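Colleague:
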Amino acid sequence: MEYILAPSILAADFGNLRQDVKTVAEAGAQYIHIDVMDGMFVPSISFGMPVIKSIRSCTDKVFDVHMMVEDPGRYVESIRAAGADIITVHQEACTHLDRVIGQIKASGAKAGVALNPATPVSTLECVLDQVDMVLVMSVNPGFGGQKFIPYTLDKVRALRQYFDRKGLSTDIQVDGGVSAANVKEIMLAGANVFVAGSAVFGGDAAARTKEFVEIFSSMQ
Ligand code: DX5
Ligand code: ZN
């Protein structure tokens, strides 16, 4: 399995964002995780298309955009145009989830669907075969630096079992409270894409990125 680190720029220095993106990209992060927050679906407001556009030219790594936004279908085309390669929307934020997944795919991006900690995997039963990635939130979305919620790993296990049974190589991403100390356990549960905000940007971002990458190769 290919293991991927997706540093979340929510924890980066916004005054030095282009350099922070380059640092983690050069240190071996394959994705850049970009948290868009609207102050409605989650309490915080982060940033939107202009910021994504302004960092697009720093790297050709995958821009993995996590939309913590009500009714995200309104923004699919403009987020794609700003430079998103993967667009992940919350199940809880979409009345017409099937339509939004179709919209994301039609835009040329990969489609991800996210689940809050309290939302069961069964809510995705009808669309699981259509998505490129499922994002299992391991904290309640809205803020960086929160503590990992262990029961969310049961959802990772259930999803991996489902995809294995179906012969699908769909990505399973885990986001929130991921660190070098707990990432192995999350890998063993079946996830392969790991978002890390404070665990990467809370210190020497290049060294911390490399530490994750080394853990990944030790588990191959
Ligand atoms: C939380 C965001 C996360 C956040 C993770 O709502 O979706 O991507 O940046 O931060 P850490 O890794 O610090 O928990
Ligand atoms: Zn996120």
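When you line the sequence shown up against the working numbering, it's residues 1 to 220, in that order. All C-beta atoms, glycine included, are put in the ideal place defined by N, C-alpha and C. Given the structure is predicted, the values throughout are model-derived calculations rather than measurements.
Let me confirm a value: Met137 is counted as buried when at least 16 other C-beta atoms fall within 10 Å, else exposed. Which label applies?
Modeller: Working through the sequence shown from its first residue, we reach residue 137 at position 137. Label assigned to Met137: buried.
Colleague: Please find out if some non-hydrogen atom of the ligand ZN comes closer than 7 Å to the beta-carbon of Asp85.
Modeller: For the purposes of this step, residue 85 is identified with residue 85 of the sequence shown, where counting begins at 1. False, no ligand heavy atom lies under 7 Å from that Cβ.
Colleague: Using the DSSP secondary-structure output, state which residues sit across from Met40 in a beta bridge.
Modeller: The residue you call residue 40 lines up with position 40 of the sequence shown. Partner(s): none; Met40 has no beta bridge.
Colleague: Across which residues does DSSP place Gly112 in a beta bridge pair?
Modeller: Within the sequence shown, residue 112 is the residue found at index 112, counting from 1. Gly112 is bridged to Thr88 and Met133.
Colleague: At the level of alpha carbons, what is the spacing between Ile8 and Val127?
Modeller: Looking up residue 8 in the sequence shown gives position 8. Looking up residue 127 in the sequence shown gives position 127. It is worth fixing the name first, because residue 8 is Ser in this sequence and not Ile. Roughly 26 Å separates the two Cα atoms.
Colleague: Do Val121 and Lys155 have their CB atoms nearer than 8 Å?
Modeller: Position 121 of the sequence shown holds residue 121. Position 155 of the sequence shown holds residue 155. Against a cut-off of 8 Å, the Cβ pair of Lys155 and Val121 comes out as a contact.
Colleague: Starting from Val76, trace the alpha helix (DSSP H) in both directions and tell me its first and last residue.
Modeller: Start at 1 with the first residue of the sequence shown, and residue 76 comes out as number 76. Counting along the chain, the alpha helix (DSSP H) containing Val76 begins and ends at Val76 to Ala82.
Colleague: In chain order, what residues of the same chain have a beta carbon less than 8 Å from the beta carbon of Ala25, not counting five sequence neighbours either side?
Modeller: Translated into positions along the sequence shown, residue 25 becomes position 25. Taken in chain order, the residues that qualify are Ile32, Cys58, Thr59 and Lys61.
Colleague: Can you give me the start and stop residues for the alpha helix (DSSP H) that Gln161 sits inside?
Modeller: For the purposes of this step, residue 161 is taken as residue 161 along the sequence shown, with counting starting at 1. Gln161 -> alpha helix (DSSP H) spans Thr152 to Lys166.
Colleague: Please determine, among Leu153, Arg18, Tyr162 and Leu168, the residue with the shortest C-alpha to C-alpha distance to Val178.
Modeller: As a first step, residue 178 is located in the sequence shown; it is residue number 178 there, counting from the start. Of Leu153, Arg18, Tyr162 and Leu168, the residue nearest in Cα terms is Leu153.
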